[in-house]
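Enquirer:
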Amino acid sequence: MIHILLNEQPLEVPHGTRLHQLRNQQQADADLLIINGFPTGGDCQLTDGDQVIMITRGVVPSAEQLESLMMARHTPGVHKRIARSRVGIAGAGGLGSNIAIPLARVGVGELIIADFDVVEPSNLNRQQYFIDQIGQPKVVALKDNLQRINPYVKVSTHHCRVNAQNLREIFANVDVMVEAFDAPDQKAMLTASHLQQASTCPLVAASGMAGYEASNSIRTQKVRENFYLIGDQKTAARPGCGLMAPRVAIAANHQANAVLRLLLGEEPE
Amino acid sequence: MNLRINGQQHTLEKGVTINRLLTQLELQPERVVLELNHQILDMAESLNIELHENDQLEIIQFVGGG
Chain A
0 MIHILLNEQP
10 LEVPHGTRLH
20 QLRNQQQADA
30 DLLIINGFPT
40 GGDCQLTDGD
50 QVIMITRGVV
60 PSAEQLESLM
70 MARHTPGVHK
80 RIARSRVGIA
90 GAGGLGSNIA
100 IPLARVGVGE
110 LIIADFDVVE
120 PSNLNRQQYF
130 IDQIGQPKVV
140 ALKDNLQRIN
150 PYVKVSTHHC
160 RVNAQNLREI
170 FANVDVMVEA
180 FDAPDQKAML
190 TASHLQQAST
200 CPLVAASGMA
210 GYEASNSIRT
220 QKVRENFYLI
230 GDQKTAARPG
240 CGLMAPRVAI
250 AANHQANAVL
260 RLLLGEEPE
Chain B
0 MNLRINGQQH
10 TLEKGVTINR
20 LLTQLELQPE
30 RVVLELNHQI
40 LDMAESLNIE
50 LHENDQLEII
60 QFVGGG
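Going down the list, the sequences are from chains A and B.
The first sequence begins at 0 in numbering that gives the first Met the number 0 and counts up one residue at a time.
The second sequence begins at 0 in numbering that gives the first Met the number 0 and counts up one residue at a time.
The following block contains the structure:
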């Protein structure tokens, strides 16, 4: 017998097994065969350690299949912890849309997203929306995009303004909370309210990511217990220094990685 | 009187309020989060709080953009 990986799962097959034979046995309708990273048109004999991926175009993998693919990539223990977690994101603009996508890709169990806004043409310079989504509420468009990436992530949306009064109700029982607003007074309101109302739940906020200053000036900083602040802390969006896709996405991915580290019991800084 | 602001020793006139301090620092109250002696302050109710000797104040300032 030889040991191969089929669709990321270990499999034992007899010596001399050929690729097309395996396809006929395992996934007869597969129309794309990838062996050790390379798509192949022809048949070949399999050897020990081969990694085979079979794709049936247009067929969405089941929740179980996707789960096992994720598990193989993330290692089982890590994947389970991510999959049973719940993350709240306040704001679905440049930060929120760019935070939600990597968190959905790594398989966070539930994302709770709140935003009052609709997609405007100018948002397309940095926010993860498409031109045919202009005019849609951002939470609706973002949920659609997340479900196209991973339909098995639960996405709960709230099309409303977040304030000190509805904060706890919207983001009840989240493991980590994310501040992803644009306006500085909203950032301060959410931070103060969250730290007062839910002091044991970590908060990951952001301040200072406009323009195109050096990437490495964006930092993750622990401000106090359960409060992490990302950004350069000074570069405000203003005329002549607008918000641009790369730096906003850098800050957003600092935030997403801080969330991931917190979910896995690591200090973000 | 002496107090610590963001970890640094400062000397301020006695009885200075939060509001006065923020004005001196040219900070807008609605854009900052304040932690006084490890307690997060509710800004609307805190502007008239007087600071005291040995107080520890953390000022977290937010700038726009996201």
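Positions of the beta carbon are idealized from the N, C-alpha and C atoms, including for glycine.
Keeping to the same chain, check which residues put their C-beta closer than 6 Å to that of Pro183 (chain A); ignore five residues upstream and five downstream.
Expert: No residues qualify anywhere along the chain.
Enquirer: Since Arg260 (chain A) sits in a beta bridge, which residues does DSSP pair it with?
Expert: DSSP output for Arg260 (chain A) lists no bridge partner at all.
Enquirer: State yes or no: is the C-beta of Glu178 (chain A) within less than 9 Å of the C-beta of Val203 (chain A)?
Expert: For Glu178 (chain A) and Val203 (chain A), yes; Cβs fall inside 9 Å.
Enquirer: Between A:Leu45, A:Leu31, A:Thr46, which has its C-alpha nearest Thr39 (chain A)'s C-alpha?
Expert: That would be A:Leu31, whose Cα lies nearest to the Cα of Thr39 (chain A).
Enquirer: By how many angstroms is the C-alpha of Asp54 (chain B) removed from the C-alpha of Leu35 (chain B)?
Expert: Cα to Cα, the separation comes out at about 7 Å.
Enquirer: Out of B:His51, B:Ala43, B:Gly65, state which residue places its alpha-carbon closest to the alpha-carbon of Ile4 (chain B).
Expert: Ile4 (chain B) has its Cα closest to that of B:His51, out of B:His51, B:Ala43, B:Gly65.
Enquirer: I need the DSSP call for Pro136 (chain A), collapsed to helix, strand or coil.
Expert: Three-state result, Pro136 (chain A): strand.
Enquirer: Given a cut-off of 9 Å, decide if Leu10 (chain A) and Leu4 (chain A) are closer than it, judged by their beta-carbon atoms.
Expert: Contact flag set, yes.
Enquirer: Closer than 7 Å by beta-carbon distance: list the chain A residues that pair up with Arg30 (chain B), in chain order.
Expert: Result: Pro183, Asp184, Ala187.
Enquirer: Note down, in chain order, every chain B residue with its Cβ under 7 Å from the Cβ of Leu194 (chain A).
Expert: Chain B residues near Leu194 (chain A): Ile39.
Enquirer: With 16 other CB atoms within 10 Å as the buried threshold, where does Val58 (chain A) fall?
Expert: It counts as exposed.
Enquirer: Can you tell me whether DSSP reads Glu119 (chain A) as helix, strand or coil?
Expert: It is coil, neither helix nor strand.
Enquirer: Please report the distance separating the alpha-carbon of Asp47 (chain A) from that of Asn6 (chain A).
Expert: Distance between the alpha carbons of Asp47 (chain A) and Asn6 (chain A): 15 Å.
Enquirer: Where are the beta strand (DSSP E) runs, 3 residues long or more, that stay fully inside the stretch 168-250 of chain A, in chain order?
Expert: Correct list: 175-178, 202-205, 218-223, 226-230.
Enquirer: With distances taken from CA atoms, which of A:Ile88, A:Leu263, A:Asp116 is nearest His193 (chain A)?
Expert: Cα-wise, what sits closest to His193 (chain A) is A:Ile88.
Enquirer: Against chain B, with Cβ distances strictly below 9 Å, would Arg237 (chain A) count as a contact?
Expert: Taking Cβ atoms only, chain B reaches closer than 9 Å to Arg237 (chain A), which makes this a yes.
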